[in-house]
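Numbering-wise, the UniProt record's numbering puts 366 at position 366 of the sequence shown, and it's gapless, one number per residue.
Using N, Cα and C, we set each Cβ at its ideal position, and we do this for glycine too.
Keep in mind the model is a prediction, meaning the values are calculated, not measured.
Working notes, structure below.
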Amino acid sequence: MFNSLIAMPADPILGLLTQYREDTHPQKVDLGVGVYKDPAGNTPILNCVKKAEKFRLETETTKVYIGPTGSPLFNTLMTQLAFGSDHSAIIANRIRTVSTPGGTGALRVAGDFIKRCNPNAVLWVSDPTWANHTGLFEAAGITVKTYPYYDYDSKSLKFDEMLAALSQVSPDDVVLFHACCHNPSGMDLTTEQWDKVVALTKEQGFTPLIDMAYQGFGDGVDIDAYGVRKMAAAVDNMILCSSCSKNFGLYRERIGSCSVIAKDANTANIAQSVLLYVVRCLYSMPPAHGAAIVETILGSKELTQEWLDELKVMRDRINGNRAILVEKLKANGVERDFSFIARQKGMFSFLGVNPEQVARLQKEFSIYMVGSSRISIAGISEDNVDYLAKSIAKVL
Ligand code: LMR
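Encoded structure:
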């Protein structure tokens, strides 16, 4: 049976991890997978996470099953974090949240949920979008199409084209938006643009699915959720997928959440029953450890403050890296304008070099980035930025 298999290519993002680890170049630079790195190139465990883990270790009394929803406390706290605790949709009891194995698990749950709402729904994603979005939703049997988003030449949003495309989307379809820190382009909607997108979504009647994998990495946890909150207040139906991988640094623990917002509490209950059915068929129940950490942090005033402070350190470092890279490229005689990198947000930007140049950077200089020239800004440090800028200057 296995003899008919055809080998699949390595994942365009995760495949880089192995290549980078095997590279013995002393100056190798990892700008591949979106993980935070400190100035020494490590991805540390946050202090608030260490404290929460210690507390759980001392107080946890059982590992018995929780159930397909995951921890109810985690779900409540994640809902409040995303929407703000006084959001009208929370007060109206319109939101149902389940814990999921990472943000990817949340997206896959959303995919199967959408398939049950409307087997013929088309999912519209931004061009470009996270490399895994398409495969993930196609695996759930959904047709994926794109709407215009990023202009590679002007390094800005194709906002008018985006609106024009969305005004053609059927009310039976779903449109995926990135809440903040657009992956891969770093180009976010402004609040005014969100207002227009929300108004159009309401008018057009399609269902918005918002992917919030980087809450707190753009401008702060509340500002980054602007679009999520505005949208949930305006529309009857919405889906939100959140991740705790980056903002809590819980990558390998695989914890995130999927929230469904319905028009009223009764419809939300029905939607939740479908969510639970979908979860049971996909993986039965989510892992509990990451949720236990997050609920311990968000359930404590002191730990929440410590988390917000640690998140700010990560956010500021990434923004600082953006500025340093632009400056060092200039200092190394690069004439091309890279100032857009400093204006973009979150973990990623496109460097804007061609595939041959990406390949040369990897082969000749051991600098790793996704083939599209997406760079993970967190991989830049004071130690490697000179080497990086010089190498880019050489391939340009
Ligand atoms: C990324 O885009 O690099 C991250 O979201 C990690 C992943 O799973 O692809």
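Kindly list the residues whose CB is nearer than 6 Å to the CB of L14, restricted to its own chain and excluding five residues on each side of it in sequence; keep chain order. On the sequence shown, position 14 is the one that residue 14 refers to. There are no such residues.
Going along the chain, which residues of its own chain have a beta-carbon closer than 8 Å to the beta-carbon of R360, five neighbours each way excluded? Counting from 1 along the sequence shown, the entry for residue 360 is found at position 360. V395, listed in sequence order.
Residues of its chain near V326, where Cβ-Cβ distance is below 7 Å and the 5 sequence neighbours each way are ignored: Residue mapping note: residue 326 aligns to position 326 of the sequence shown, counting from 1. Cβ within range, chain order: F338, S339, I341 and A342.
Under 8 Å, do A262 and G70 count as touching if we go by C-beta distance? Walking along the sequence shown from the start, residue 262 turns up at place 262. Walking along the sequence shown from the start, residue 70 turns up at place 70. No, they are not a contact pair.
Mind listing, in chain order, the residues whose beta carbon lies closer than 5 Å to a non-hydrogen atom of the ligand LMR? I13, V33 and G34
For the segment 198 to 210 and the segment 276 to 294, state whether three or more C-beta atom pairs, one from each stretch, are separated by less than 8 Å. no
Whose CA, out of R56, T61 and G111, lies closest to the CA of G135? Your numbering for residue 135 matches position 135 in the sequence shown. Considering only alpha carbons, the answer is G111.
Please list the segments of the beta strand (DSSP E) lying wholly inside the segment 163 to 249, counting only runs of 3 or more residues, in order along the chain. Segments of the beta strand (DSSP E) lying fully in the segment 163 to 249: 174 to 178, 207 to 212 and 238 to 243.
I'd like the span of the alpha helix (DSSP H) that includes D316, first residue to last. As a first step, residue 316 must be located in the sequence shown, where it is residue number 316. It spans K301 to A331 - the alpha helix (DSSP H) in which D316 sits, taken as one unbroken run.
Are the segment 272 to 290 and the segment 186 to 205 touching, with three or more C-beta to C-beta distances below 8 Å? Segments in contact, no.
When DSSP labels each residue in this structure, what does K394 get in the three-state scheme? Here residue 394 corresponds to residue number 394 of the sequence shown, with the count starting at 1. Correct three-state label for K394: helix.
What separation, rounded to the nearest whole angstrom, lies between the Cα atoms of G299 and E53? Reading the sequence shown from its first residue, position 299 is the one you call residue 299. Reading the sequence shown from its first residue, position 53 is the one you call residue 53. Cα-Cα distance, rounded: 14 Å.
Uninterrupted alpha helix (DSSP H) stretches inside the segment 341 to 372 (no shorter than 4 residues): 355 to 365
Could you work out which residue in E138, Y150, C181 and I90 is closest to V109 when comparing CA atoms only? Looking up residue 109 in the sequence shown gives position 109. Ranking the options by Cα distance to V109, first place goes to E138.
Same chain, Cβ closer than 8 Å to C181, five either side skipped, listed in chain order: Here the question's residue 181 lines up with position 181 in the sequence shown. So the list reads D188, A213, Y214, F217, G218, D224, K345, G346, M347 and F348, once near-sequence residues are dropped.
Burial state of V313 (16 or more Cβ within 10 Å): In the sequence shown, counting from the first residue as 1, residue 313 sits at position 313. Residue burial is scored here from C-beta neighbours: V313 has fewer than 16 other C-beta atoms within 10 angstroms and is therefore classed as exposed.
Are the Cβ atoms of L176 and L209 separated by less than 8 Å? Taking the sequence shown and counting its residues from 1, one reaches residue 176 at position 176. Taking the sequence shown and counting its residues from 1, one reaches residue 209 at position 209. Yes, these two residues count as a Cβ contact at 8 Å.
Just to confirm the assignment, what range does the alpha helix (DSSP H) spanning V64 have? As a working note, residue 64 is residue 64 in the sequence shown. Run containing V64: none; DSSP gives neither H nor E here.
Determine the DSSP secondary structure at T24, reduced to helix, strand or coil. Translated into the one-based positions of the sequence shown, residue 24 becomes position 24. Residue state, collapsed to three classes: coil.
For C117, which beta-bridge partners are listed by DSSP? Taking the sequence shown and counting its residues from 1, one reaches residue 117 at position 117. For C117, DSSP records no beta bridge to any residue.
Taking the alpha-carbon positions, what's the I142 to N120 distance? One-based indexing of the sequence shown puts residue 142 at position 142. One-based indexing of the sequence shown puts residue 120 at position 120. Straight-line Cα distance between these residues: approximately 7 Å.
Nearest-angstrom Cα distance between I66 and T59? As a working mapping, residue 66 is identified with position 66 in the sequence shown. As a working mapping, residue 59 is identified with position 59 in the sequence shown. Rounded to the nearest whole angstrom, the CA to CA distance from I66 to T59 is 17 Å.
Can you round the beta-carbon distance between V98 and V125 to whole angstroms, since I take them to be within the 8 Å contact cut? Mapped onto the sequence shown, residue 98 falls at position 98. Mapped onto the sequence shown, residue 125 falls at position 125. In fact, because the Cβ distance is near 22 Å, the residues do not count as touching under 8 Å.
What residues in its chain sit with their C-beta under 6 Å from that of H178, if we drop five residues either side in the sequence? Here residue 178 refers to the residue found at position 178 when the sequence shown is read from its first residue. Once the five neighbours on either side are set aside, the close Cβ partners of H178 are D211.
Specify whether the segment 23 to 36 and the segment 376 to 392 touch according to this definition: at least 3 beta carbon pairs, one from each stretch, less than 8 Å apart. yes
Separation of M238 from A268, as counted between CA atoms: As a working note, residue 268 is residue 268 in the sequence shown. As a working note, residue 238 is residue 238 in the sequence shown. The straight-line gap from Cα to Cα measures roughly 11 Å.
Cβ neighbour criterion (16 or more within 10 Å) applied to F2: Within the sequence shown, residue 2 is the residue found at index 2, counting from 1. Exposed is the call here.
Proximity of V235 and R96 at Cβ, strictly below 8 Å: Numbered from its first residue, the sequence shown carries residue 235 at position 235. Numbered from its first residue, the sequence shown carries residue 96 at position 96. It is not a contact, given that the beta carbons lie outside the stated cut-off.
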